[in-house]
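To keep things clear, I will list the structure first and then write my remarks on it.
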Amino acid sequence: LDRIDQVGGKCLILDYKSGSVSSRSWGTERLLEPQLPLYVVAYEPPANGLAFAQIKGGAVKIVGDGDGLMAPILQQHQDWPQQVQRWREQLEQLAQEFTAGDAAMTVYDKTRFMQQRYLIPFNRAPEHDKLRLSDDGDF
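Going by our numbering, the first residue of the sequence shown is number 145, and it counts up by one from there.
Printed below as a string of structure tokens:
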């Protein structure tokens with residue numbers, strides 16, 4: 145978290161980035177980048193918007209979502225409270241999976257996965273099928 149702006153009683157959560165930015169990952173069935181939605185949900189009352197502020201080559205680009213805050217710069221959700229509730233549910237699901245020890249290797253974005261293929265030896269992908277447990281807990 146880089147910045148929390150409060151203007152006229154409304155709150156905007158900002159994260160500065162030097163690389164490319166996109167808010168598409170916040171609207172997916174499974175949150176691929178949960179950091180800013182988590183801050184929105186955790187802030188009381190929930191924040192009115194969230195955005196990446198791209199700072200690159202002397203230019204600034206803002207990409208985000210909100211309840212009309214900073215329109216038309218930020219995408220406006222027709223029902224912001226419903227979006228915040230959806231994020232809350234998605235984050236709770238992620239937390240439940242984590243605490244249950246669910247560590248399945250699932251590729252949600254093949255392009256992003258291939259950009260990180262140098263990490264394959266660390267996530268044991270080549271051994272994935274060999275490491276399956278039988279019903280009685282044996283390998």
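Positions of the beta carbon are idealized from the N, C-alpha and C atoms, including for glycine.
Everything numeric in this text was worked out from a predicted model, so none of it was measured.
Could you tell me whether the Cβ atoms of residue i and residue j are closer together than 8 Å?
{"i": "residue 169", "j": "residue 219", "result": "no"}
{"i": "residue 211", "j": "residue 231", "result": "no"}
{"i": "residue 182", "j": "residue 235", "result": "yes"}
{"i": "residue 158", "j": "residue 147", "result": "yes"}
What are the boundary residues of the beta strand (DSSP E) that residue i is part of?
{"i": "residue 147", "result": "147-151"}
{"i": "residue 165", "result": "Looking at the DSSP string, residue 165 is not in any beta strand (DSSP E), and its letter there is neither H nor E."}
{"i": "residue 198", "result": "193-200"}
{"i": "residue 251", "result": "That residue, residue 251, is in no beta strand (DSSP E); it is neither H nor E in DSSP."}
{"i": "residue 209", "result": "203-210"}
In whole angstroms, what separates the C-alpha of residue i from that of residue j?
{"i": "residue 229", "j": "residue 202", "result": "36 Å"}
{"i": "residue 160", "j": "residue 199", "result": "7 Å"}
{"i": "residue 255", "j": "residue 179", "result": "21 Å"}
{"i": "residue 185", "j": "residue 192", "result": "10 Å"}
{"i": "residue 177", "j": "residue 208", "result": "13 Å"}
{"i": "residue 237", "j": "residue 154", "result": "28 Å"}
{"i": "residue 239", "j": "residue 172", "result": "17 Å"}
{"i": "residue 190", "j": "residue 206", "result": "20 Å"}
{"i": "residue 259", "j": "residue 247", "result": "21 Å"}
{"i": "residue 227", "j": "residue 266", "result": "35 Å"}
Just checking my contact of residue i with residue j at CB under 8 Å: how many whole Å lie between their CB atoms?
{"i": "residue 249", "j": "residue 156", "result": "Actually they are not in contact, since the Cβ atoms of residue 249 and residue 156 sit about 35 Å apart, beyond 8 Å."}
{"i": "residue 195", "j": "residue 204", "result": "In fact, because the Cβ distance is near 11 Å, the residues do not count as touching under 8 Å."}
{"i": "residue 251", "j": "residue 257", "result": "5 Å"}
Tell me the residue span of the alpha helix (DSSP H) that contains residue i.
{"i": "residue 215", "result": "Premise fails: residue 215 is in no alpha helix (DSSP H) and is neither H nor E."}
{"i": "residue 186", "result": "179-186"}
{"i": "residue 244", "result": "Taken as a continuous stretch (DSSP letters only), residue 244 belongs to no alpha helix (DSSP H), as it is neither H nor E."}
{"i": "residue 255", "result": "254-259"}
{"i": "residue 265", "result": "264-267"}
Does the beta carbon of residue i sit closer than 8 Å to a beta carbon anywhere in chain B?
{"i": "residue 185", "result": "As a matter of chain content, chain B is missing from the structure shown, which is built from one protein chain."}
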